[in-house]
Every structure is written in structure tokens, then in C-alpha cells.
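Protein chains in written order, with our numbering: chain G, 142 to 311; chain S, 112 to 271; chain Z, 11 to 419.
C-beta: ideal position from N, C-alpha, C; glycine also.
Note sheet for the following structure.
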Amino acid sequence: MNEEIQQAITALEERFSVEAEEFRGEINLTVAGEELVAVCQMLRDDFDFKFMEIMTAVDYWPEQEPRFHVIYKLYSIEKKLRIGLRVPVAGIEPKLPTVVDLFANANWREREIWDMFGIRFEGHPDLRRILMPHDWQGHPLRKDYPLGYEEVQFSFNAEEVDQDKPYAKE
Amino acid sequence: MGIEQKAGDLGAVTMRLEQAVNWARTYAMWPMLFGLACCAIEMMAGQAAKHDMSRFGMELMRATPRQSDLMIISGRVTRKMAPVLRLLYDQMPEPKWVISMGDCASCGGVFNNYAIVQGVDEIMPVDVYVAGCPPRPEALVHGILTLHEKVRGETIKTWA
Amino acid sequence: MLDQSEFAFNELRHLVSERAIKGETMLLNMGPQHPSTHGVLRLLLELDGEIVVNCFPDIGFLHTGIEKNMEAKTYEKAAVMTDRLDYLNNLGNNLVYCMAIEKLAELDVPVRAQAIRVILTELQRIASHLVWLGTHTLDLAAISVFWYTFRERELILDINEMVSGQRMMTTYFRPGGLWRDVPVEFEAAVRAFIQRFPKQIEEYEDLLNENPIFLQRTKDIGILDPEVAVKYGVTGPPLRASGIAQDLRKSEPYMGYEQYDFDIPTHTDSDTYARYLVRIEEMRQSLRIVEQALDKLPYGPVRSNNRKFVPPPRSELGTSMEAVIHHFKLWTEGFDMPKGSVYAATESPRGVLGVYLESDGGPKPYRVHWRTPSFDNLQVLPVLAKGHLVADLVALIGTTDFVLGDIDR
Chain G
142 MNEEIQQAIT
152 ALEERFSVEA
162 EEFRGEINLT
172 VAGEELVAVC
182 QMLRDDFDFK
192 FMEIMTAVDY
202 WPEQEPRFHV
212 IYKLYSIEKK
222 LRIGLRVPVA
232 GIEPKLPTVV
242 DLFANANWRE
252 REIWDMFGIR
262 FEGHPDLRRI
272 LMPHDWQGHP
282 LRKDYPLGYE
292 EVQFSFNAEE
302 VDQDKPYAKE
Chain S
112 MGIEQKAGDL
122 GAVTMRLEQA
132 VNWARTYAMW
142 PMLFGLACCA
152 IEMMAGQAAK
162 HDMSRFGMEL
172 MRATPRQSDL
182 MIISGRVTRK
192 MAPVLRLLYD
202 QMPEPKWVIS
212 MGDCASCGGV
222 FNNYAIVQGV
232 DEIMPVDVYV
242 AGCPPRPEAL
252 VHGILTLHEK
262 VRGETIKTWA
Chain Z
11 MLDQSEFAFN
21 ELRHLVSERA
31 IKGETMLLNM
41 GPQHPSTHGV
51 LRLLLELDGE
61 IVVNCFPDIG
71 FLHTGIEKNM
81 EAKTYEKAAV
91 MTDRLDYLNN
101 LGNNLVYCMA
111 IEKLAELDVP
121 VRAQAIRVIL
131 TELQRIASHL
141 VWLGTHTLDL
151 AAISVFWYTF
161 RERELILDIN
171 EMVSGQRMMT
181 TYFRPGGLWR
191 DVPVEFEAAV
201 RAFIQRFPKQ
211 IEEYEDLLNE
221 NPIFLQRTKD
231 IGILDPEVAV
241 KYGVTGPPLR
251 ASGIAQDLRK
261 SEPYMGYEQY
271 DFDIPTHTDS
281 DTYARYLVRI
291 EEMRQSLRIV
301 EQALDKLPYG
311 PVRSNNRKFV
321 PPPRSELGTS
331 MEAVIHHFKL
341 WTEGFDMPKG
351 SVYAATESPR
361 GVLGVYLESD
371 GGPKPYRVHW
381 RTPSFDNLQV
391 LPVLAKGHLV
401 ADLVALIGTT
411 DFVLGDIDR
């Protein structure tokens with residue numbers, strides 16, 4: 142493990158309760174939701190991880206507690222190092238504090254996570270749907286949301302499927 | 112032969128009305144500049160120098176639907192975009208034709224899921240389907256020529 | 011749903027300024043169908059006369075649900091969908107997906123496959139920049155450049171077709187290497203391109219570099235401060251034109267980029283003209299890399315030998331029972347990946363393109379997330395556009411070089 146990252150991890154482990162693990166050359170810290178903003182602030186100000194590269198969520202349905210893990214990856218341009226954070230979020234009324242004040246590109250990324258997973262971000266200035274139409278019901282990337290595919294027409298069921306398909310006449 | 116020989120000196124030509132109107136329509140059909148996704152890049156390549164679509168009358172692409180005849184739907188149509196597409200189709204004046212270019216516009220293509228309209232003929236009537244992912248510019252040109260043949264076969268009854 | 015104008019005003023009431031509600035400034039919709047938005051992007055502009063006070067991008071008109079659809083397919087079948095994300099950088103998307111799979115499964119890639127991957131990815135970068143140049147200058151009314159750049163792009167698409175049969179959506183890179191070896195005409199075709207291309211770049215520069223109209227439309231337009239760029243997560247040529255020399259090919263080399271000698275072009279005035287210069291220079295450097303990789307092209311296999319992930323060649327099926335078993339497993343169920351999550355990133359023509367892949371041990375990906383550069387690059391557009399005219403907005407849209415397939419996925 143790179144020693145600068147090691148320094149960062151030891152500093153973080155003193156102040157917060159984080160668990161570090163290394164997999165395929167990447168460092169990931171598991172951080173609790175309440176400490177997220179403070180951890181990000183410390184990484185950004187003291188250790189130069191100013192660039193938020195990725196922010197996404199994973200759904201582990203049908204486990205309810207925690208159901209989602211929100212993944213962050215922070216990158217440091219000067220030191221060329223990357224560190225990952227994993228925040229478990231509960232399944233019933235999922236919410237997390239926002240990091241929009243620290244990393245400005247979190248604005249749209251948090252909107253996307255709200256749209257796709259239903260995780261609310263407290264303190265976000267403008268939380269509304271971004272990729273789906275504004276009046277869409279449901280959160281598509283959850284595991285209990287169906288893929289919504291249409292039955293493929295083969296020769297044996299071509300007419301049946303055709304009858305249900307809405308064709309525009311004019 | 113007779114009437115053309117006599118009227119030829121006066122510079123008059125006789126044709127059926129359908130032939131004349133259809134000839135005029137096919138040779139100056141202006142597509143609407145409407146590229147959605149990857150097929151749009153092949154449509155642009157079709158307009159560019161190597162495969163030149165202006166030889167077939169599609170000299171310019173009009174951005175406004177009010178001044179265009181042909182809508183080439185190139186790319187995947189999502190559920191969010193579908194009402195916009197229908198609005199644009201309604202804004203085009205008659206006569207208008209639609210070419211559905213590519214697999215995603217014809218039948219949903221590779222994407223069979225919640226977000227993509229499975230075939231743009233769910234929203235509007237299509238005249239020619241061009242298959243491919245994306246179709247080569249030559250395939251698009253073939254589709255356009257097929258449309259020209261279809262237009263030349265139109266009769267007064269179809270106009271009315 | 012057709013009364014989107016009413017909805018837009020109500021929904022965005024908290025974002026527009028007081029002057030809009032009073033009626034002093036005008037709200038204009040630069041809708042999903044527009045010749046200069048390079049795709050289906052909707053921009054709501056708040057205009058004070060001709061000057062943009064604020065601009066709100068509305069995306070999602072091309073949201074294809076690729077991430078969810080990839081979860082329903084096996085790894086090798088899902089690779090087909092990766093071409094269609096950033097549709098100007100097809101091989102680059104393939105590459106980053108294969109890199110993620112190879113990182114998680116610890117699969118080796120033979121050196122010949124790595125070199126050919128580098129050659130084709132750099133040619134794809136040149137092709138993407140050519141489309142950018144053609145459409146950007148088309149928007150600024152320098153239409154001739156469009157014809158010339160697409161003519162060069164046809165040469166690159168011919169090389170793609172020679173190698174894989176398809177002009178754009180090739181899916182030529184597979185986990186473990188390439189689909190099949192390149193044909194014998196490949197080297198001659200690439201060398202012919204290397205011979206021809208430098209003169210063409212000079213032709214574009216002759217047309218544009220000292221053109222007073224082009225300069226007036228691009229100099230001092232859209233100045234992006236380096237701190238603002240880092241804060242917004244901007245990557246790629248916009249970041250490099252603001253002075254920060256950040257390129258993943260140099261800082262985290264992959265696929266053997268450390269053996270090739272190339273520079274990272276940067277510039278200090280972070281305006282539209284600087285971004286144009288950076289991209290033109292990038293095309294030259296890509297050509298350098300292609301030449302070096304082609305000179306050093308090693309012999310050898312083009313796909314890994316690990317039969318747990320790579321199907322055996324058909325000739326082996328007649329003689330070896332294990333080959334038949336592997337073939338059966340790979341083509342019916344797909345290969346099983348170890349449990350865990352990785353993140354692989356490359357430098358696409360637009361910026362940092364990354365894949366976060368999480369697997370639960372099965373044959374289908376559990377979660378694939380694409381970190382696309384255009385998503386963050388577009389977020390900085392409202393910041394760049396404040397105080398500029400609407401015509402400058404068109405130049406800014408071109409210079410940020412986003413692709414809607416990248417943003418909406």
C-alpha cells in the first residue's frame with residue numbers, strides 16, 4: 142500500500158470509525174453515513190483528494206439492512222492516487238448527507254442516484270429527476286424494478302405479440 | 112408520338128399529373144436535421160463527401176420541421192423523447208414521409224428495456240425501414256431510393 | 011406531457027432568478043431538437059436580451075438504461091452494448107470494459123493484443139476528434155472543414171471495417187484480448203494513413219488558426235479557471251487547456267502506454283481557442299503513438315489462453331474433451347467472475363472514462379456503472395456561459411465536446 146494513502150488511512154482511523162481493505166490494488170474504506178461529510182472534508186483539505194471521480198450506488202436487495210452501498214472514489218491529481226469510500230445505507234427511507242459543497246459535480250450525480258435508486262440527499266439544493274421523465278414512477282436501477290422488456294417476436298408468436306403492440310396509424 | 116412532335120416546337124411537354132408531381136417531390140426532398148444517437152453519425156457521413164446524399168436531392172437538411180419533407184429518425188427513441196418526436200411529426204406539413212433508420216428506431220434494436228420505445232412505429236407511421244446497427248451510408252441511400260420509388264408510385268387517390 | 015413549457019417554468023421556479031419571474035428576462039427553450047446541440051440536449055436559457063444570464067441543461071432524452079440492461083446479460087454479451095454508449099469512441103468503451111473484467115478476473119492480455127488495442131484506440135481518438143472538429147466548425151459556420159474531416163474519418167472507418175467487419179460498432183476487443191487477429195492488409199492501410207494524415211492536419215490549421223472570424227468567435231470565450239475545473243470534475247482537453255497536465259495515459263499507464271513516447275499538450279489561456287489547439291495537437295500525438303506501436307508490433311497470440319474465460323478455437327474441439335466442456339460452459343452460461351468490485355479507467359477523447367464493475371460470483375455483472383466524462387463536463391457549461399451571447403453558447407457547446415450517449419447512458 143502506498144505510504145501516503147497509509148498516512149491518510151491512519152489519520153482517518155484515529156478520528157473516525159473507518160475500515161480499510163485492499164482488493165486488486167485498490168483501497169476502499171467503509172464509512173458510516175453520519176461521518177461521510179467529515180471524512181470527505183478531511184481527505185479533500187488535508188490530503189489533496191480534490192477530484193471526485195465516481196459516485197454511484199449498488200442495490201443489494203433483498204437484504205434490507207443495509208440495502209444500498211453508495212460508492213465514492215476520490216482522486217488526487219498531484220499525487221496520482223485514488224481512494225474509494227463505501228457507505229452503507231438502510232433500505233427503508235434511505236438518505237445520506239450531501240457532499241455538494243465539497244465537490245461541485247456531486248450535484249448531478251446525487252440527482253442521478255435519487256432518480257435511479259431513491260436515496261435522498263439532505264441539503265441538496267435541487268433534488269429532482271434527471272434521466273427519467275419528470276413524472277416517472279419508481280426507481281429503475283433497484284433490483285426489484287423489472288427490466289420492462291417486450292417479448293421477442295419469433296415465428297410462432299409473431300401475431301400474438303403484434304396484437305398487443307400499439308401501432309400508430311396516422 | 113403525334114402530339115409531342117407537334118407540340119415539341121412550342122416547348123410543351125405532356126405528362127400525367129401524378130408523374131409530374133411525384134417527380135418534383137422526389138428530386139427535392141429535404142430531410143429534417145434530426146439525429147438522435149449513433150445512426151446520426153452515419154447519416155452525417157452519408158451527407159459528407161464520400162457518399163453524397165445531395166446527388167439524390169437532399170441538398171440541405173432543414174433544422175425546422177415546418178420546412179422539411181422527410182424525417183429520418185436516426186437513433187434510439189426513449190420514452191422521454193417520444194412526445195417531442197410526435198410533436199415534431201405533427202409540425203411537419205403534408206406531404207411528409209418518415210424513414211426509420213437503424214435497428215433501434217425500427218424495432219428497439221439491442222435495447223429491450225423500460226426506457227426505449229420498441230420501434231418508432233408505435234408513435235408514427237413509417238414509410239421505409241432501414242436495417243443495420245448503424246446502417247452503412249450506402250444502406251441509407253438504398254432506403255432513400257426505395258422511398259423515392261414508393262413516392263413515384265403514389266396516385267391521386269393516395270394524396271387525397 | 012406535451013405542455014412541457016408550463017411544467018418547465020413551474021419546476022425550475024426555484025432556480026431562475028427574480029428577474030425572470032418578474033418578466034425582465036426571457037426564458038427560451040433550446041429544445042431537444044436543435045442543430046447545434048449535438049444530440050438531444052435541452053437547454054433552458056434565461057436571457058437578458060441576447061446575453062445569457064443562466065442556463066439549465068435538461069438531459070435524459072437519450073437514457074437507454076444500459077446499466078440495467080447489462081445486468082441482465084452475460085459479460086461477453088453485454089460487451090455489445092458498450093459500443094453504443096459514447097458512440098464516437100466505440101473501441102474506447104470496449105477497451106475500458108475489457109480492462110475492468112481483466113482486472114477483476116486477473117486475466118492476462120498478450121502483448122500483441124495490447125499493441126493492436128493501442129493502435130486502434132488511438133485511431134479512434136483521431137476519428138472522434140475529427141468529428142468534433144467538423145461539427146464544431148460547422149456550428150461556427152466554417153463549413154468546409156466538415157467535408158475534409160469526414161473524408162479522413164472514412165479512412166479510419168475503412169480500417170475498422172477491414173479488421174472487424176463493421177464500421178462503427180465493432181466490439182472488437184473482448185475480455186482476454188481481441189476477437190481475432192488483424193488481416194495482412196492492416197499494416198499497409200495504417201501506414202498509408204500515417205503518411206497522409208499530417209498534411210491534412212496542416213490543411214485544417216491553415217484554414218482555421220489565423221482565420222480572423224474563427225479567432226473572434228473563439229478567443230476569450232468560455233474561460234475555465236483551473237480550480238473551478240477540478241471542483242467540477244472536468245477531465246480531458248478542457249482540463250488540459252486550463253493548464254493542468256492530467257492524462258491517465260501518463261499517470262496510470264495501461265495497455266503498455268509506458269513504452270511509447272508522446273507528449274501531453276496543455277495550454278494556459280483556458281478559452282475555446284486553447285481547447286481547439288489542444289485537440290489538434292492531441293491528434294498529432296496520437297499519430298505518433300500509432301506509428302511507434304506499429305513499428306514495435308510483436309508477434310504472438312491475440313487472446314489469452316485461460317480457457318475459463320476465453321472460448322477455445324474450433325480446431326481444438328475435435329481433439330480435446332476439456333475444450334468441449336469449456337466451450338459448452340462459456341457459450342451457454344458464460345464465465346463466472348470472482349466476487350468483488352473493481353474500477354478501471356482510461357483516457358477517452360473526452361476525458362476520464364471509467365467502469366465500476368461489481369460481481370457477485372455469477373455469470374452476469376451485478377452492477378456496472380460508467381463514469382462518463384461528458385456528464386461532468388456538461389455540468390460546467392452553465393458556469394462558462396454566464397455573461398456570454400447566445401451565439402457564444404453554440405461555440406461553448408461545441409468546445410466542451412460532450413456526446414449525449416455518454417451523458418444519458
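A contact between stretches requires three or more CB pairs, one per stretch, nearer than 8 Å, and the region 173-192 of chain Z meets this requirement with the region 100-111 of chain Z. Between the region 312-326 of chain Z and the region 192-204 of chain G, the count of C-beta pairs closer than 8 Å stays below three; the two stretches do not touch.
According to the DSSP assignment, M172/Z belongs to the alpha helix (DSSP H) that extends over 154-174. Of the residues assessed, I231/Z falls on the buried side of the cut-off, its CB having 16 or more other CB atoms within 10 angstroms. Put simply, the region 142-150 of chain S touches the region 171-187 of chain S. At least three CB pairs are less than 8 Å apart. For I168/G, there are no neighbours in chain Z by C-beta distance under 7 Å, as the nearest C-beta there is about 11 Å away. Look at the region 234-250 of chain S: the residues with a C-beta under 8 Å from a C-beta of chain G are I234, M235, P236.
Counting only Cβ-Cβ distances below 9 Å, F145/S has contacts in chain Z at Q43, in chain order. The beta carbon of A226/S is closer than 7 Å to those of T189, R190 in its chain, skipping five residues each way along the sequence. Shown in chain order are the members of the region 341-352 of chain Z whose Cβ falls below 9 Å from a Cβ of chain G: G350, S351, V352.
Contact annotation: the region 371-381 of chain Z does not touch the region 120-129 of chain Z, with fewer than three C-beta pairs closer than 8 Å.
Taking the C-beta atoms as reference points, A247/G is found nearer than 8 Å to T239/G. Taking a beta-carbon distance threshold of 8 Å, Y200/S does not count as an interface residue toward chain Z.
Around the beta carbon of E153/S, 16 or more other beta carbons sit within 10 angstroms, so the residue counts as buried. The C-beta of R190/S comes closer than 8 Å to at least one C-beta of chain G.
Pairing T329/Z with Q269/Z, the inter-Cα distance amounts to about 40 Å. Contact of H73/Z with chain S is assigned, a C-beta pair being separated by under 8 Å. In terms of beta-carbon proximity, V400/Z stays away from the interface with chain G, with every pair separated by 8 Å or more. The Cβ-Cβ distance between S369/Z and P348/Z falls below 8 Å. DSSP lists I168/G as the beta-bridge partner residues of E163/G. Residue pairing by DSSP puts R184/Z in a beta bridge opposite G187/Z.
Residues of chain S whose Cβ lies closer than 8 Å to the Cβ of A309/G are, in chain order, D232, E233, I234, M235, P236. Close to C149/S, with beta-carbon spacing below 9 Å, are these residues of chain Z in chain order: D93, R94, Y97, L98, N100, M178, M179, G415. Linking T74/Z to E206/G through their CA atoms gives a straight-line distance of about 30 Å.
For E205/S, the three-state secondary structure derived from DSSP is coil. DSSP places V63/Z in the strand class (E or B) of the three-state scheme.
S280/Z has its alpha-carbon roughly 7 Å from the corresponding atom of D235/Z. In the displayed model, F192/G falls within a strand according to three-state DSSP. In this structure, the alpha-carbon of L251/S lies about 10 Å from that of Q158/S. Runs of the alpha helix (DSSP H) lying entirely within the region 237-263 of chain Z, each at least 4 residues long, are 247-250, 258-261 in chain order. The beta carbon of W249/G sits closer than 8 Å to some beta carbon of chain Z. Annotation for G415/Z: no beta strand (DSSP E) segment contains it, though the alpha helix (DSSP H) segment containing it runs 414-418. Across the structure, E116/Z and V106/Z are spaced so that their CA atoms are roughly 15 Å apart. In the three-state reduction of the DSSP assignment, K87/Z falls in the helix class. Beta-bridge annotation (DSSP): F262/G is paired with L237/G. In this structure, T276/Z sits away from V362/Z, with a CB-CB distance that is not shorter than 8 Å.
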